[in-house]
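As given, the protein sequences belong to chains Z and U, one line each in that order.
Note that the numbering used here gives residue 1642 to position 272 of the first sequence, counting from 1, and the numbers run on in steps of one.
Note that the numbering used here gives residue 360 to position 59 of the second sequence, counting from 1, and the numbers run on in steps of one.
Below: the structure, in structure tokens.
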Amino acid sequence: MTLSPSHLFFWLTVLILGGPVLAGLTGVVAGAMGHVPGLQNAIPAGDVWGAVWSWPGIGRSVTLSFWTGLLAALISLASATLIMAGWSGTLSFARARHWLAPFLAVPHAAAAFGIAVLIAPSGWIARALSPWLSGWERPPDLLILGDPLGLAMVLGLIVKELPFLLLMMIAALPQAKAATSMALVTALGYGCARGWLLAVFPGIYRQIRLPVYAVLAYSMSAVDAALILGPTTPPPIAIVILRWAADPDLSLRALASAGALVQLGLVLVALVLWRLGEIAVAQLGRSLAESGQRGSGRAAEIAAATLAATSGIFLFGGFAVLALWSVAGAWHFPAFLPETLSFRVWASHGAALVETGAATLLLAFAVVALALALALGSLEAKPHRCLLTALVYLPLIVPQVTFLPGLQAASLKIGLGSGALPVGLMHLVFVLPYLLLVLADPFNALDPRYRTIAAGLGLSPARQFWRLRLPLLLTPIAGAVAVGMAVSIGQYLPTLLAGGGRLPTLTTEALALAAGGDRRVIGAYGLAQAAAALAPFALALALPRRVWRNRQGMLHG
Amino acid sequence: MAESLILKTLTISAGATPIVSVSLTAAAGEITTLMGPSGSGKSSILAAITGTVPDGLFATGEILLGGQNIATFPGWKRHIGILYQDDLLFPHLSVGGNLALGLAPGGRRTERQGRVKRALSEVGLEGLAARDPATLSGGQKARVALMRVLLSEPRALLLDEPFGTLDSELRSQIRSLVFNHAKARGLPTLLVTHDPQDAEAAGGPVIRLR
């Protein structure tokens, strides 16, 4: 077989999905044994690990990461399942699902800022209840943000992971033959929700297992939500690793590598536990199904509506408050609305916001353009589909914080340095999987007879691609570009570690400013971040409608 | 162009198990009918001729067109036109765009447009070049699909149950239109169907698969 361009793209894709993770993990192992690039002598491995385990608060950091991650993943999955069980198949659900994409687009950091200004002791919720109900004349002395149990952080994770899992479940519905199964169990006298759980959910879960594992791994190692909402004394292990990796003292890089291995071990243990849980739940489900008990499932429907509404309120309410803060003059507790308005923040930060925003969008666009070419090329080649499916999830399941420190060391070693190129490459590692995931279904759903007809007309494979497949897929491609840009815009850790501070994006700037605690500035940056991520979605919706306004066959479906 | 399409022990197998094997000669300007129950491997034979045998199956034997064994050519170099029961007009192109896609590249723009125009009027669809194919009636779509494949100047024509979705009156009308055009151009034509009426109307040799 000759090496066509699409095969080249396929193997490049394999390299980009697998290479950095493996190189990073290798670097991390070397680092944990004391080999740090830039240090004259290796540090004895025993000293590295001794320093890690004697680091103040390390034990609590580890347990904190472990249980908050499990809790966030568990609640996200349970909520998504309940929402699907109680709500899917209805007309209002079909309408509501269009709102999921923006949920998904909003960067984790922006969502976390929104939650922070809602639930803080001086946040909007406290203001709404004060003083008439709570009696608070000044913000209560409660540790809500950064509570030692990490509950605020768990909330921040759920608000973002819930829509992701919902979208994955919706995508899995057709293959699970949900509609037929539902008709069947309803005829057997099962209520909507119970029937869905017993008959449809097992088929769905089989398909979304890898995304669920990605959610679990992410929740245990998230950096941005932890920096904004998480506890500080001690912080989750991911934050400890980040501090070590970003420290000017190079010997701490060895600790970062060792910490990364601890984090990886934690995730692996959690995955094993989760797998055991899966088996137990499946057993429970089978015996419940065999018991033959019917129930209306009215409770599940109410729970579904409540859960969906709550996460919607947290996300959109958060943005409303961020917007208010960005234009607030004087705004004392417990006033519900700002007493005076002021555009001081926008005036003083406007120029910087535009400049950083433009750089962020430009970087995102360049990364997505490259990723799109690779994704489409790989899908055209379509050999070794199993290899691709497995590799797509590799950068999503192996936590960023476990291989990025090693990759940072490796890129220093080969002289890649820091700046736009390494940042772009890092973003590519995380953008490419999403593009492949979003595009695979529409690509494979194209009627194969189009290909036969086109070949019969004498069109070469290249002309078939440019004249037929590319325009036929314009709508999903536009959507995939929007998803990819949102992923790139939201990246914090890769931008920070590979950029070395020389390539500030809206996300890194927002998190840097978060430490200052100025809500007006945070409001402006949070909004800018969300706007940058949402704008491509608006374009992705508008573009196909404009291009295909005279082609009915391209608009529905 | 008086070439015949000759299949010499064309065999489709899954692994070591042969599914179907056929030898036939479809003479130029004649409609040869291939009949058989579903699952008899009719569509696999068509896939072998167009060069689109699905993963897991493979084809052996010779496919001769004008004395050349085209079995080793990639699909797009075989020049085998095919019509399905769905019109499968490309929804993103205009009617004229669909037709122009089949024209061999090159030639002046006005000349190409002229050929598209003439093809449309040949089947009574004058002035529809700019239309969105989704706005055409079923019969109109079938005629555009026929002209699209003919404009690409195929060396042979395959018909994969092409009249299955049309209602009975339209069916005989489109059927004779397709057959007449294929015969007039002297194309070796292979019709796959399970409808005896189609075979009768074709008036050529009938080969039954078991």
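Even for Gly, the Cβ is constructed at its ideal location relative to N, Cα and C.
Predicted model only: the values in this text are computed from it and were never measured.
Item                                                                                                                                                                                                     : Value
Give the secondary structure of Ile-508 of chain U by DSSP, where H, G and I count as helix, E and B as strand, and everything else as coil.                                                             : strand
Around the Cβ of Arg-1916 of chain Z, are there at least 16 other Cβ atoms within 10 angstroms (buried) or fewer (exposed)?                                                                              : exposed
So who's on the other strand from Glu-363 of chain U, going by DSSP bridges?                                                                                                                             : U:Lys-309
Once the 5 residues before and after Phe-1713 of chain Z are set aside, which same chain residues still bring their CB inside 8 Å of it?                                                                 : Val-1697
Do Leu-404 of chain U and Leu-437 of chain U come within 7 Å of each other at the CB atom, strictly closer than that value?                                                                              : no
Classify Leu-1840 of chain Z as buried or exposed, calling it buried when 16 or more other Cβ atoms lie within 10 Å of its own Cβ.                                                                       : exposed
Could you tell me which residues DSSP puts in a beta bridge with Val-493 of chain U?                                                                                                                     : U:Leu-335, U:Asp-461
Any heavy atom of the ligand COA closer than 6 Å to the beta-carbon of Gly-415 of chain U?                                                                                                               : Of ligands this structure carries none, so the ligand COA is not represented either.
Tell me the residue span of the alpha helix (DSSP H) that contains Val-1384 of chain Z.                                                                                                                  : 1375 to 1402
Take Thr-1603 of chain Z and list the residues in its own chain whose beta-carbon comes closer than 8 Å to its own, dropping the five residues that flank it on each side.                               : Gly-1427, Pro-1518
My guess is that Met-1796 of chain Z and Ala-1868 of chain Z are in contact by the Cβ rule of under 8 Å, so how many angstroms apart are they, rounded?                                                  : 5 Å
Taking Cβ positions only, does Ala-1815 of chain Z come closer than 7 Å to chain U?                                                                                                                      : no
Which residues does DSSP list as the beta-bridge partners of Ala-1698 of chain Z?                                                                                                                        : Z:Leu-1711
Going along chain Z, which residues have a C-beta under 7 Å from Asp-433 of chain U?                                                                                                                     : Asn-1920, Arg-1921, Gln-1922
Could you tell me which residues DSSP pairs with Leu-1519 of chain Z in its beta bridges?                                                                                                                : DSSP lists no partner for Leu-1519 of chain Z.
Hey, would you say Ile-1355 of chain Z sits closer than 7 Å to Ser-1424 of chain Z, going by beta carbons?                                                                                               : Lying outside 1371 to 1927, the shown extent of chain Z, residue 1355 of chain Z is not represented and no answer is given.
Using 7 Å as the limit for Cβ to Cβ distance, is His-495 of chain U near chain Z?                                                                                                                        : no
Using the rule of at least 16 other Cβ atoms within 10 Å of the residue's Cβ for burial, across every protein chain shown, is Pro-1765 of chain Z buried or exposed?                                     : buried
Start and end of the beta strand (DSSP E) containing Leu-1795 of chain Z?                                                                                                                                : Looking at the DSSP string, Leu-1795 of chain Z is not in any beta strand (DSSP E); the run it does join, the alpha helix (DSSP H), is 1790 to 1815.
What are the residues of the segment 1810 to 1837 of chain Z that lie near chain U, defined by any Cβ-Cβ distance shorter than 9 Å?                                                                      : Asp-1817, Pro-1818, Arg-1819, Tyr-1820, Arg-1821, Thr-1822, Ile-1823, Ala-1824, Ala-1825, Gly-1826, Leu-1827, Gly-1828, Leu-1829, Ser-1830, Pro-1831, Arg-1833, Gln-1834, Arg-1837
Are the beta-carbon atoms of Gly-1682 of chain Z and Leu-1488 of chain Z separated by less than 7 Å?                                                                                                     : no
In this structure, how does DSSP classify Gly-1927 of chain Z when only helix, strand and coil are distinguished?                                                                                        : Note that Gly-1927 of chain Z scores a pLDDT of 47, beneath 50, so its modelled location is shaky; the value from the coordinates is reported in the next line. Note: Gly-1927 of chain Z maps to coil in three-state DSSP.
Quick test of your reading: Leu-1515 of chain Z and Ala-1486 of chain Z, contact by CB under 8 Å. State the CB separation rounded to the nearest angstrom.                                               : 6 Å
Taking CB distances under 7 Å as the criterion, tell me whether Ser-339 of chain U reaches chain Z.                                                                                                      : no
Taking Cβ positions, are Glu-363 of chain U and Gly-505 of chain U nearer each other than 7 Å?                                                                                                           : no
Please state whether DSSP places Thr-318 of chain U in a helix, a strand or coil.                                                                                                                        : strand
Between the C-alpha atoms of Ala-1490 of chain Z and Pro-1605 of chain Z, what's the straight-line distance to the nearest angstrom?                                                                     : 18 Å
Out of Z:Leu-1543, Z:Val-1384, Z:Thr-1845, which has the shortest C-alpha to C-alpha gap to Leu-1798 of chain Z?                                                                                         : Z:Val-1384
For the segment 1858 to 1872 of chain Z and the segment 1898 to 1918 of chain Z, state whether three or more C-beta atom pairs, one from each stretch, are separated by less than 8 Å.                   : yes
If the criterion is Cβ atoms closer than 7 Å, does the pair Pro-1510 of chain Z and Pro-1704 of chain Z meet it?                                                                                         : no
Identify, in the order they occur along the chain, each residue of the same chain with its Cβ nearer than 6 Å to the Cβ of Ser-1449 of chain Z, setting aside the five sequence neighbours on each side. : Leu-1532, Leu-1677
How should Asn-399 of chain U be labelled, buried or exposed, when 16 other C-beta atoms within 10 angstroms of its C-beta is the threshold for buried?                                                  : buried
What do you reckon, are the CB atoms on Leu-1599 of chain Z and Ala-1498 of chain Z nearer than 7 Å?                                                                                                     : no
Comparing alpha-carbon positions, which option in Z:Gly-1561, Z:Leu-1625, Z:Leu-1638, Z:Thr-1556 lies nearest Leu-1586 of chain Z?                                                                       : Z:Leu-1638
Which of helix, strand or coil does DSSP assign to Phe-1534 of chain Z?                                                                                                                                  : helix
Would you list, in sequence order, the uninterrupted alpha helix (DSSP H) runs of no fewer than 4 residues that lie entirely inside the segment 374 to 459 of chain U?                                   : 396 to 403, 410 to 423, 439 to 452
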